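With our numbering, letter number 104 in the sequence shown gets 1374, and the count goes up by one each step, no holes.
Since the structure comes first, as structure tokens, the remarks are kept for the end.
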Amino acid sequence: MKKILIVLVVVIAVIALLPIVGNSVAEGVLKTRVAVLTSNGLELKNDTTESSYLTTKKHYEFLLSDAPRFIEYLNQYSDAQIPPYIDAMISGAVVGVDIEYSNFPLSSKVLVDIYPLTLPANITDELKKENMPFYTYIDKLLQGKGVLYHINYYISDELFDGYIKDIDEEYIFDNGSKMTVKLFNATYYGSGSLIAPKNLQTSISKVIIKADESANGITFEMNDLTSSSTFESQSTYVSGAAMKSMSILVDEGKSSKLEASIDNIKVNISSNTQGTKAEFYVKSSLGEFKFNSKDANVAASGFNYDISLDGVEKDSYEEFRKLTSHTNANYSPEFEQKLQESVIKLLSKGLSLSVADMSVKKITIENQKSIDGFSLMAKMVLKEDADLASKLKTSPMSLSKNLNLASTIKFSKELYALLNKEAPVTGMANSLAREDGNNLIFEIKLNDGRLSVNDKQLN
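Shown next, in the form of structure tokens:
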């Protein structure tokens, strides 16, 4: 009986100690993370803890004291580098972070809120000088967590989900002009590290930005954006996005008005560097595009393009990718020279470009009747040539023999006539065109330096 009681006491004691142990483990992880941040451009200005037996809440305030160092830290996790001019735009900002977690080590869910508390120093100084009431409004908005990212992170599974707090703000300036910013239903979820996720899904219901001043105004609106990305590495990924509509309106009263809109936008991009050669694919479509202004009225529908690039030598591509990922940060004559050499090296290994489809079904100009559009298909192969660099310097015209091209371009007769009217130089191609019903066809080939159109030799 005593042994049973002893066992029960030990079990109860272990259970009672679990929250303490869990809190200790979480404390250690957080200290490590904070140490990484403070060694990479952030300064910890405030740190408070509110702890109960079951849960712990922590509040941090970080000052972005060394923006270049912090951006350099972020850039190591991304192929797309943050431009250096962002340094000045974010330097001196203060960001708040709230973290809540269970003290039980078996519970792995962590709740995180991230929100700016102050504007960057240079913007703050400028706003105070130019418009103190507007600065006070912005400061109050930020202090009230008006801009906030919420994250639920499941540590053991490396999964996360969250949202951006809805924004519905309107401000009227002393002169009567008005600014409106709206963002609704922005959510996301994914897996992997928060800084460099393996999978990321996002959704935004609506974004509206408006600026009205007297009879003038600018309005930007975006509706129903979704995106999905999966990353095997920085150079192997699959990404897709869709948007119901996007529009911009610039209204300058009676003097001028510009309106552009696009609907049913779809984009898919992928890259694969796991085989012997690298491959890249881009496919996109638009439902309808409209552009209206005082000088032009154009509409088009059924736009598609489907392009692939393959046969790319991986080592040369990786060298080129690393260079271009730092273009914004390292641009200089020396860097430009290295980039040029990298491009030549990449092309000297050969590659293949395919345009499976590039087309527009219908076009309307100046509100006249809709006419049929055009389509393009092409296959271009650049042969491997170890002497490409020297040929570029000594005999660049000889490089045409390195290129094989086969393409078919189809114009509707109505569109071709319109192009011929606006740009008479296209009339030179009239004798080369081949009629096919209501279309004009141009089959263009380049083989061993010889160019032909519809089997008519041009050189």
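Quick reminder that beta carbons are idealized off the backbone N, C-alpha and C, glycines included.
None of the values given here were measured: they were computed from a predicted structure.
- Contact between the stretch 1450–1458 and the stretch 1432–1442 is present: three or more C-beta pairs spanning the two stretches fall below 8 Å.
- The beta-bridge partner set that DSSP reports for D1438 consists of K1452.
- The Cβ-Cβ distance between D1431 and Y1458 falls below 8 Å.
- At least 8 Å separates the beta-carbon of S1622 from that of G1557.
- If you look at Q1471, you'll find it in the beta strand (DSSP E) that goes 1467–1483.
- Restricted to the stretch 1585–1647, the beta strand (DSSP E) segments that are unbroken, complete and at least 3 residues in length are 1621–1635, listed in chain order.
- The residues S1629, V1630, I1679, K1680, F1681, S1682, L1685, in chain order, have a CB closer than 8 Å to that of F1644 in the same chain once the five nearest residues on each side in sequence are set aside.
- In this structure, V1367 keeps its C-beta atom at 8 Å or more from the C-beta atom of I1341.
- In the assembly as shown, E1583 is a buried residue. Its beta-carbon has 16 or more other beta-carbons within 10 Å.
- If you ignore the 5 residues before and after K1715, its C-beta comes within less than 6 Å of the C-beta of A1676, S1722, all in its own chain and listed in chain order.
- Bridge partners of M1492 according to DSSP: V1477, M1516.
- Comparing alpha-carbon positions, the option among K1379, K1671, L1324, L1617 lying closest to S1586 turns out to be L1617.
- The criterion of a C-beta distance shorter than 8 Å is satisfied by D1718 and K1671.
- In the DSSP assignment, A1687 falls within the unbroken alpha helix (DSSP H) covering 1683–1692.
- Around the CB of S1372, 16 or more other CB atoms lie within 10 Å, so the residue is classed as buried.
- Residue burial annotation: L1324 is exposed, with fewer than 16 other C-beta atoms found within 10 angstroms of its C-beta.
- In the three-state scheme derived from DSSP, where H, G and I count as helix and E and B as strand, P1666 is classed as helix.
- S1578 is positioned such that its CB atom lies closer than 8 Å to that of E1549.
- If the five residues before and after L1387 are omitted, its C-beta is found closer than 7 Å to the C-beta atoms of E1331, V1364, V1365, G1366, L1412, Q1413, all from its own chain and listed in chain order.
- The C-alpha of E1370 is placed about 10 Å away from the C-alpha of S1321.
- At a Cβ-Cβ threshold of 8 Å, L1673 and L1652 count as neighbours.
- The stretch 1387–1428 is shown to contain whole beta strand (DSSP E) runs of 3 or more residues at 1419–1424, in chain order.
- K1315 is positioned such that its CB atom lies no closer than 8 Å to that of L1344.
- Taking C-alpha positions only, P1403 is separated from V1625 by approximately 55 Å.
- For A1481, the closest alpha carbon among the candidates L1528, S1668, I1442 is that of I1442.
- Residue pairing for D1718: DSSP places it in no beta bridge.
- By alpha-carbon distance to L1609, the top candidate from K1592, S1498, T1546 is K1592.
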